[in-house]
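**Q** As they're listed, the protein sequences go chains R and E.
Be aware that the first sequence starts at 1, since it is given in our numbering, and climbs by one per residue.
Be aware that the second sequence starts at 1001, since it is given in our numbering, and climbs by one per residue.
Mind looking over this structure? Questions follow.
Protein chains: 2
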Amino acid sequence: MQVTQLNWLSASDAARALRDGAISSEQLVEACLARVRQVDANVQAWAFLDPEHALAQARALDERRKEGAPQGALHGVPVGVKDIIDTHDMPTEDGTVLHAGRMPADDATVVSRLRAAGAVIMGKTVTTELATYAPGKTRNPHDAGHTPGGSSSGSAAAVAAGMIPAALGSQTNGSVIRPAAYCGVYGFKPTHGLISRHGVLRLSRTLDQLGVFARSIEDLALVCEQAVGYDEHDTDTFPPRARTPFSEIASQEPPLPPRIAFVKTPIWDETEPETREAFEELTGQLGDRVQEFTLPENAREALDWHRTIMEAEMAAGLVAEYEKGADKLSESLRGQLERGRRITALEYQIALARIPQLIAGMSRLFDGFDAILTPAAAGTAPHGLQSTGSPAFCTLWTLCGMPALNLPLMQGSNGLPLGAQLVGARHDDARLLRTARWLAAQIEAD
Amino acid sequence: MQVTQLNWLSASDAARALRDGAISSEQLVEACLARVRQVDANVQAWAFLDPEHALAQARALDERRKEGAPQGALHGVPVGVKDIIDTHDMPTEDGTVLHAGRMPADDATVVSRLRAAGAVIMGKTVTTELATYAPGKTRNPHDAGHTPGGSSSGSAAAVAAGMIPAALGSQTNGSVIRPAAYCGVYGFKPTHGLISRHGVLRLSRTLDQLGVFARSIEDLALVCEQAVGYDEHDTDTFPPRARTPFSEIASQEPPLPPRIAFVKTPIWDETEPETREAFEELTGQLGDRVQEFTLPENAREALDWHRTIMEAEMAAGLVAEYEKGADKLSESLRGQLERGRRITALEYQIALARIPQLIAGMSRLFDGFDAILTPAAAGTAPHGLQSTGSPAFCTLWTLCGMPALNLPLMQGSNGLPLGAQLVGARHDDARLLRTARWLAAQIEAD
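Structure representation (structure tokens):
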């Protein structure tokens, strides 16, 4: 195996090679760092990256392996972490000058979990301003004139550009699925409550959800299986129970060919013409396994309920930033916070009360279907770096806390990736990964 | 055993006598109904009571016993239910003309649980208007010129007057502890999340908590053990786990003499002089087992946070009543709802965020003490029926969701009951019952 190619190994292949002693973590991390040196001047995916610190972690893990110490599922595998997720050994600056130099004392729960599984925390990836809309410095690795999407811009771009096999991101609206689609990688946001948000910048308790970027479905399952779990510090995580074998289930053949609901969503007219054509072709390939499904009319209102909840909760989550440093915030974020401060508790609670109603309506859909197929975004990554694109095709699923996955299976006429989003029933995360693997195989075989 | 005296049996003694075949449920219910005929023209504890329906339930349970069917812990024991808790076989009118004639299709979860344990649902007890401040028709059974307290007025008065051995009530501020204190019965509001509120009028998800009235601690434990449990329809209930043996723990001697923190609360100056004297005497009796403890200064602010949360959540919970029937509401409730509608989502969320901070502060107190001793109310039941008295001595514990219990151990100079409140650590409900039994024994022995 050539060291210069190791950076393109999947996390699963790398973990196997490390376990077998075919490569060392130091070699793997060095290959990733070489790739960073090669492309990151252009991509700019990193908010913080100390090569020596990454290599020191790798060497310590290699040492433990040589000593015969027990090895976790990610032993020696480098992972990138969005710069809103706390790390005790690196700054976490949340994409704002207001938090410049911020050094958390502790790892976020999800970072502790990945470290316990043996991961090398490679560095911190660029986020938009406080994980909202104002872009960071990152560019799309497929064409630097295009946005990588946001807010998990650096995580998506670094995985797409081969600088790391996997990365953590977060989604309050469309911040995992959209950048995964624009950068052409797999992105997975599990059911709300699966991954603890303790030690992560809080915008919205109701909507914030962590997710994973990788270059294969197998890798999404591998990382997720380590990342999920109950945490007493995040009371929205699910109570202790047996660990779901994501990797095992994701690798199985579905017992029956899955049934897919093609959902155009109430904002289908916002898609670009070539997105519509691409989905026509895709559903054609799937034949009788796919059937169009029209959401109830209140799905359109869901965008308003989402905005009410997000802006009201952001106003509380970022109250210190607004009151002490409003002049250091972007105009768009200041506008969101000002709208959020004017929302009444009554409007906010009425919007919150819609969520269980929406979920109940959705769960009926899953009586007849295994997953929803729908666009990940209106089209390919928009030109220009002043916006990260629209998250609107993710909003409904985020609001309902449903698991969602980007499949990087298509391409626009400009050569940029075009994503298909697959959405599953709440708590049916492993099955969604299995269905996604089946779907990807159908397309690739065609 | 004389039938005319059966109405004064405790629930535990009645359950034992029923199990042994010494009495029938029909005899017991008939004795309770005789007591109703004797005193209820004066007390007016019932919103709905159909003697024939109560007797029919009793006869059916007697029949099942004769057939040798398995018997629950409350088999044949009559229980009163506050008229905001749904019953499929009786109206539930919530103390407002707006809900006159309301007939729920299903039992509330807690009613199902008591029925499953064999209880006779005797009837529906009077609540104040929508479980808020405007009084119902009930009078204090010790002196009809005085309020019974509220909002669980009928439950407290019916138990105190010997019309039933036990009853269900609810507390959003001080609606279990205060009427229990004014009427001179035991009242217990367990930790938030122990008893499901599915099928109960919702004022405030954060604050609404169900509780039990009885004439002994043994009875509180008996009824609670049947009432508590996880309910998927109330997502604030705790996940499935082994049932707590309330009765068994409550009946044990504490392994060491408990240490009691005497807490005057930041509103001690609102107590009546004889309340202060009574607590001086009480703490004197307890000697070195009690120590005064001063709460942190933010405990005073907790009254404001509670009001913000309660009024904001009531505005959402009662939005239909306000929008369709504001003219049918009392002026005090209309005022609460109008204040609630003006609260911003930001103020509401800031108040909510204080609760875990307060709880963390309180939990340190329990490193050194088993329970908090504090007044249940400013004094004995106020004269007049136009107000149900102040809940302020309960507010802090309700806000923190801590278990609280009224001990009817003292008396005012007017001969009316004067309550002592015992408050425990969250989730330490059974220990609180055990400590309360120990405390009652100290006082009675003295």
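Think of the CB as a built atom: it goes at the ideal place given N, C-alpha and C, for glycine as much as any other residue.
Under a three-way DSSP split, which group does threonine 132 (chain R) fall into?
**A** Three-state result, threonine 132 (chain R): coil.
**Q** Give the DSSP bridge partners of isoleucine 359 (chain R), in chain order.
**A** Beta-bridge pairing links isoleucine 359 (chain R) to no other residue.
**Q** For the beta strand (DSSP E) holding alanine 1326 (chain E), just list the boundary residues, first then last.
**A** It is not in any beta strand (DSSP E) - alanine 1326 (chain E) carries neither H nor E in the DSSP assignment.
**Q** Are at least three pairs of beta-carbons, each pair with one atom in the region 309-326 of chain R and one in the region 274-286 of chain R, less than 8 Å apart?
**A** At 8 Å Cβ cutoff, the stretches do not touch.
**Q** Mind checking methionine 1103 (chain E): buried by the 16 CB within 10 Å criterion, or exposed?
**A** That one is exposed.
**Q** Can you give the Cα-Cα distance for phenylalanine 48 (chain R) and valine 159 (chain R), rounded to whole angstroms?
**A** Taking the straight line from one Cα to the other gives about 16 Å.
**Q** Leaving out five residues before and five after histidine 142 (chain R) in sequence, what residues of the same chain have Cβ atoms less than 8 Å from its Cβ?
**A** Ala160, Cys183, Gly184, Ala381, Gly415, Leu416, Pro417.
**Q** Keeping to the same chain, check which residues put their C-beta closer than 6 Å to that of valine 1039 (chain E); ignore five residues upstream and five downstream.
**A** Within the same chain, valine 1039 (chain E) has close Cβ partners Ala1161.
**Q** Are the beta-carbon atoms belonging to isoleucine 1407 (chain E) and alanine 1420 (chain E) less than 7 Å from one another?
**A** As written in the sequence, residue 1407 (chain E) is leucine, which differs from the isoleucine given in the question. For leucine 1407 (chain E) and alanine 1420 (chain E), yes; Cβs fall inside 7 Å.
**Q** Need the endpoints of the alpha helix (DSSP H) that proline 1179 (chain E) sits in, please.
**A** Counting along the chain, the alpha helix (DSSP H) containing proline 1179 (chain E) begins and ends at 1177-1183.
**Q** Glutamine 1285 (chain E) lies in the alpha helix (DSSP H); which residues open and close that run?
**A** Note, glutamine 1285 (chain E): alpha helix (DSSP H), 1273-1286.
**Q** Interface residues of chain R around valine 1319 (chain E) at Cβ under 8 Å?
**A** By Cβ distance, chain R contributes Leu346, Ile350.
**Q** Based on the DSSP secondary-structure assignment, which residues constitute the bridge partners of tyrosine 348 (chain R)?
**A** The partner list for tyrosine 348 (chain R) (beta bridge, DSSP) is empty, contrary to what the question assumes.
**Q** Is leucine 1433 (chain E) helix, strand or coil when you go by DSSP?
**A** Reduced to three states, the DSSP call for leucine 1433 (chain E) is helix.
**Q** Using a threshold of 7 Å, state whether the C-beta atoms of valine 77 (chain R) and alanine 58 (chain R) are closer than that.
**A** No.
**Q** Please confirm whether glycine 1101 (chain E) and serine 1155 (chain E) have their CB atoms less than 7 Å apart.
**A** No, these two residues do not count as a Cβ contact at 7 Å.
**Q** Measuring straight from C-alpha to C-alpha, what distance separates threonine 191 (chain R) and glutamate 232 (chain R)?
**A** When rounded, the distance between both Cα atoms is 18 Å.
**Q** If you run the structure through DSSP and keep just helix, strand and coil, what is glycine 1101 (chain E)?
**A** Reduced to three states, the DSSP call for glycine 1101 (chain E) is coil.
**Q** Could you tell me the boundaries of the alpha helix (DSSP H) in which leucine 1028 (chain E) lies?
**A** Start and end: 1025-1043.
**Q** Output the boundary residues of the alpha helix (DSSP H) element that contains threonine 1172 (chain E).
**A** From DSSP, threonine 1172 (chain E) is part of no alpha helix (DSSP H); its letter is neither H nor E.
**Q** When you check each C-beta in the region 288-320 of chain R against every C-beta of chain C, which residues fall closer than 8 Å?
**A** Of the protein chains in this structure, namely R and E, none is chain C.
**Q** Nearest chain E C-beta to proline 239 (chain R) closer than 7 Å, yes or no?
**A** Closer than 7 Å: yes.
**Q** Determine, for arginine 341 (chain R), whether the minimum Cβ-Cβ distance to residues of chain E falls below 7 Å.
**A** Chain E, which has a Cβ nearer than 7 Å to the Cβ of arginine 341 (chain R), makes this yes.
**Q** Nearest to arginine 354 (chain R) by CA position, among R:Asp236, R:Ala157, R:Trp305, is which residue?
**A** Among R:Asp236, R:Ala157, R:Trp305, the Cα nearest to that of arginine 354 (chain R) is on R:Trp305.
**Q** In three-state terms, what does DSSP make of proline 408 (chain R)?
**A** In this structure, proline 408 (chain R) counts as strand in the three-state DSSP scheme.
**Q** Which residue or residues does DSSP assign as beta-bridge partners of threonine 380 (chain R)?
**A** Looking at the DSSP assignment, threonine 380 (chain R) forms no beta bridge with any residue, so it has no partner.
**Q** Is it right to say glycine 1118 (chain E) is buried, meaning 16 or more other beta carbons lie within 10 angstroms of its own, or is it exposed?
**A** Classification of glycine 1118 (chain E): buried, given that the 10 Å Cβ count is 16 or more.
**Q** Let me check one thing: in DSSP terms, what residues is threonine 1244 (chain E) bridge-paired to?
**A** Answer is none; threonine 1244 (chain E) lacks a bridge partner.
**Q** Quick check on the DSSP output: what are the complete alpha helix (DSSP H) runs of length 4 or more inside the region 217-268 of chain R, in order along the chain?
**A** Segments of the alpha helix (DSSP H) lying fully in the region 217-268 of chain R: 217-227, 246-251.
**Q** For valine 97 (chain R) and alanine 54 (chain R), which I take to be in contact (beta-carbon distance under 8 Å), what is that distance rounded to the nearest angstrom?
**A** So it is not a contact: roughly 25 Å between Cβ atoms.
**Q** To which residues of the same chain is valine 110 (chain R) closer than 7 Å at the C-beta, ignoring the five residues directly before and after it?
**A** If we look at valine 110 (chain R) and ignore the five residues flanking it on each side, its Cβ neighbours are Ile85, Leu168, Ile195, Ser196, Leu210, Ala227.
**Q** Do you know offhand how far lysine 264 (chain R)'s Cα is from alanine 371 (chain R)'s?
**A** The alpha-carbon atoms of lysine 264 (chain R) and alanine 371 (chain R) are separated by roughly 14 Å.
**Q** With 16 other CB atoms within 10 Å as the buried threshold, where does glycine 1256 (chain E) fall?
**A** The sequence given here places leucine at residue 1256 (chain E); glycine does not occur at that position. Label assigned to leucine 1256 (chain E): exposed.
**Q** By how many angstroms is the C-alpha of glycine 1361 (chain E) removed from the C-alpha of threonine 1271 (chain E)?
**A** Taking the straight line joining both Cα atoms gives about 25 Å.
**Q** Given this structure, state the Cα-to-Cα distance separating valine 126 (chain R) from leucine 318 (chain R), to the nearest angstrom.
**A** C-alpha separation (whole angstroms): 19 Å.
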